[in-house]
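K.L.:
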Amino acid sequence: MKFQIVEWFCVSFHTQIISEFDARNVPPSLQPLAWLIGIWRSEHGGKAIFPTIPKFTYGEQVEISISDDHMSALKALNYSAFAWSINDFDELHSEYGYLTLQPGTKFASLTTVMNNGFVTVEQGYVDGYQIKFKLHDIGRISFSRDLPVHDIVREWTLLDANTLQARLDMETLTHDMQEHTFIRYNKIYP
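According to the working numbering, the residues represented by the sequence shown are 107 to 296, in order.
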């Protein structure tokens, strides 16, 4: 099944930002993460490498938005990412989850569920406009075909107001920690 790429358009006469992407609506407890809010996209700039796969390039879109005001639990931002092949636009990978902070700190936690059967909890400190997450816990379905992942380090760095860089290093059962993916996104909304 071909993956449908969703294009986002910002109409020039439309000046009101959708509330879930309006950083002015971020709860005070999540202010250190406000710089991430938006839709970030790279059409074909992603690079994936690992000894068990052929090298390839990919496109990816990441959305980080403000969760519903009515959530009574720990305040969090919504997180989603989907990647596609630049050759045939097939979906390669998708993740959904939440990004939050330990109350009163800059200690961040990213929880994700992925289409390959993995569930992760990654944690790290917000340092200005950078977060370096380290794998805290991982789960996987019993019949996943992917190698068991032993460790992950995910880095997000805001290079300028409209450029977000992401890097993921990974260690598996058979290979030591090394770079797996690298990508630079352009902010397309707001």
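Virtual Cβ for every residue (Gly too), placed ideally from N, Cα, C.
Predicted model only: the values in this text are computed from it and were never measured.
For C116, does the three-state DSSP call read helix, strand or coil?
P.N.:
Numbered from 1 along the sequence shown, position 10 holds the residue referred to as residue 116. With a pLDDT of 43 at C116, under the threshold of 50, the modelled position of this residue cannot be trusted; read the value that follows with caution. It is coil, neither helix nor strand.
K.L.:
What would DSSP say about N292, mapped onto helix, strand or coil?
P.N.:
To locate residue 292, count along the sequence shown from 1; it is residue 186. In the structure shown, N292 sits in a strand (DSSP, three-state: E or B).
K.L.:
For the beta strand (DSSP E) containing M276, list its first residue and its last residue.
P.N.:
Taking the sequence shown and counting its residues from 1, the one referred to as residue 276 is at position 170. The continuous beta strand (DSSP E) containing M276 extends over residues 269-278.
K.L.:
For the beta strand (DSSP E) containing V255, list its first residue and its last residue.
P.N.:
As a first step, residue 255 must be located in the sequence shown, where it is residue number 149. Taken as a continuous stretch (DSSP letters only), the beta strand (DSSP E) holding V255 covers 255-266.
K.L.:
Compare the beta carbon distance of V255 and I244 with 8 Å and say whether it is the shorter of the two.
P.N.:
If you number the sequence shown from 1, residue 255 lands on position 149. If you number the sequence shown from 1, residue 244 lands on position 138. Cβ atoms of V255 and I244: closer than 8 Å.
K.L.:
Whole angstroms are fine: how far does the CA of V168 sit from the CA of P160?
P.N.:
Within the sequence shown, numbered from 1, the residue matching residue 160 stands at position 54. Within the sequence shown, numbered from 1, the residue matching residue 168 stands at position 62. Distance between the alpha carbons of P160 and V168 is about 24 Å.
K.L.:
Please confirm whether T263 and Y235 have their CB atoms less than 8 Å apart.
P.N.:
For the purposes of this step, residue 263 is taken as the residue at position 157 of the sequence shown. For the purposes of this step, residue 235 is taken as the residue at position 129 of the sequence shown. Judged by their CB atoms, T263 and Y235 are nearer to each other than the 8 Å cut-off.
K.L.:
For F239, report the span of its beta strand (DSSP E) as first-last.
P.N.:
One-based indexing of the sequence shown puts residue 239 at position 133. Counting along the chain, the beta strand (DSSP E) containing F239 begins and ends at 236-246.
K.L.:
V225 and A299 - do their beta-carbons sit closer together than 8 Å?
P.N.:
No answer is possible for residue 299: it lies beyond the span of the chain, which begins at 107 and ends at 296.
K.L.:
Just to confirm the assignment: which complete alpha helix (DSSP H) runs, minimum length 4, are found wholly within the segment 136-174?
P.N.:
none
K.L.:
Any chance the segment 163-179 sits against the segment 139-148, with 3 or more Cβ pairs inside 8 Å?
P.N.:
yes
K.L.:
For N292 and S250, I'd like the C-alpha separation in whole angstroms.
P.N.:
The residue you call residue 292 lines up with position 186 of the sequence shown. The residue you call residue 250 lines up with position 144 of the sequence shown. About 32 Å.
K.L.:
Please go through the same chain and pick out, in chain order, the residues whose beta-carbon is closer than 6 Å to the beta-carbon of S178, but skip the five residues on each side of it.
P.N.:
Translated into positions along the sequence shown, residue 178 becomes position 72. Within the same chain, S178 has no close Cβ partners at all.
K.L.:
If you drop the 5 nearest sequence neighbours on each side, which residues of the same chain put their C-beta closer than 6 Å to that of F288?
P.N.:
The residue labelled residue 288 in the question sits at position 182 within the sequence shown. Same-chain partners within the cutoff: K153, R273.
K.L.:
Excluding five sequence neighbours on each side, which residues of the same chain lie with their C-beta closer than 8 Å to the C-beta of M283?
P.N.:
Here residue 283 is taken as the residue at index 177 of the sequence shown, counted from 1. Excluding residues within five positions, the ones whose Cβ falls inside 8 Å are D257, V259, D275, M276, E277.
K.L.:
Do you know offhand how far P138's Cα is from I172's?
P.N.:
Against the sequence shown, residue 138 aligns to sequence position 32. Against the sequence shown, residue 172 aligns to sequence position 66. Each residue's Cα considered, the two are about 13 Å apart.
K.L.:
Any idea what DSSP makes of F249, helix, strand or coil?
P.N.:
Here the question's residue 249 lines up with position 143 in the sequence shown. Assigned with DSSP and collapsed to three states, F249 falls in coil, not helix or strand.
K.L.:
Apply the 10 Å Cβ neighbour rule to I155 and answer buried if 16 or more other Cβ atoms are within range, or exposed otherwise.
P.N.:
Along the sequence shown, one-based indexing puts residue 155 at 49. I155 is exposed by the Cβ-count criterion.
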